[in-house]
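A.B. asks: In this text, residue positions in the sequence shown follow the working numbering: the first is 111, and each later residue adds one.
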Amino acid sequence: MGTGVPACLTVTAIDGLVLAKSAFHHSANYRSVVLLGAFRLVKETSDSRPSRRSPTSWSPDAGARCVSRAPRSSRASAIVSMPIEEASAKARTGPASR
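#1: Can you tell me the Cβ-Cβ gap for residue 137 and residue 202, rounded? I've got them flagged as a contact below 8 angstroms.
#2: Enumerate in chain order the residues of its own chain whose CB-to-CB distance from residue 196 is below 6 angstroms, with the five nearest sequence positions on each side excluded.
#3: Leaving out five residues on either side along the sequence, give the residues of the same chain with a beta carbon under 6 angstroms from the beta carbon of residue 206.
#4: Need the endpoints of the beta strand (DSSP E) that residue 148 sits in, please.
#5: If I follow the unbroken beta strand (DSSP E) through residue 124, where does it start and stop?
#6: Measure the alpha-carbon distance for residue 123 versus residue 190 and round it to whole angstroms.
#7: Just checking my contact of residue 115 with residue 199 at CB under 8 angstroms: how many whole Å lie between their CB atoms?
#8: Three-state secondary structure (DSSP) at residue 185?
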């Protein structure tokens with residue numbers, strides 16, 4: 111993945127379901143983005159270490175409930191970056207159409 115091969119990354123956030131009188135008109139409010147670029151491997155430096163923090167660091171007590179990260183899992187993980195060459199975004203908001 112970190113060799114510069116062209117890639118597409120898509121992320122969608124569902125903000126809420128939109129229910130109508132008819133199931134045909136049900137929908138969802140969402141935000142979506144499509145990013146085109148090429149992943150590159152981030153070399154391990156002191157600058158990249160904060161990005162290796164586990165999602166358990168997002169919650170003050172979550173780390174206490176988990177086992178510590180084994181060296182094996184660190185070796186099996188990589189950090190990549192993707193400079194964005196092209197992007198497209200789409201969103202839907204509002205009530206049901208009918």
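Glycine is no exception: its CB is placed at the ideal position from the N, C-alpha and C atoms. Remember, it's a predicted structure, so these values are computed and weren't measured experimentally.
C.D. replies: According to the structure data:
#1: 7 angstroms
#2: 146
#3: 128, 130 and 135
#4: 137-151
#5: 113-128
#6: Roughly 22 angstroms between the two C-alpha positions.
#7: Rounded, the Cβ-Cβ distance is 24 angstroms, inconsistent with contact.
#8: Note: residue 185 maps to helix in three-state DSSP.
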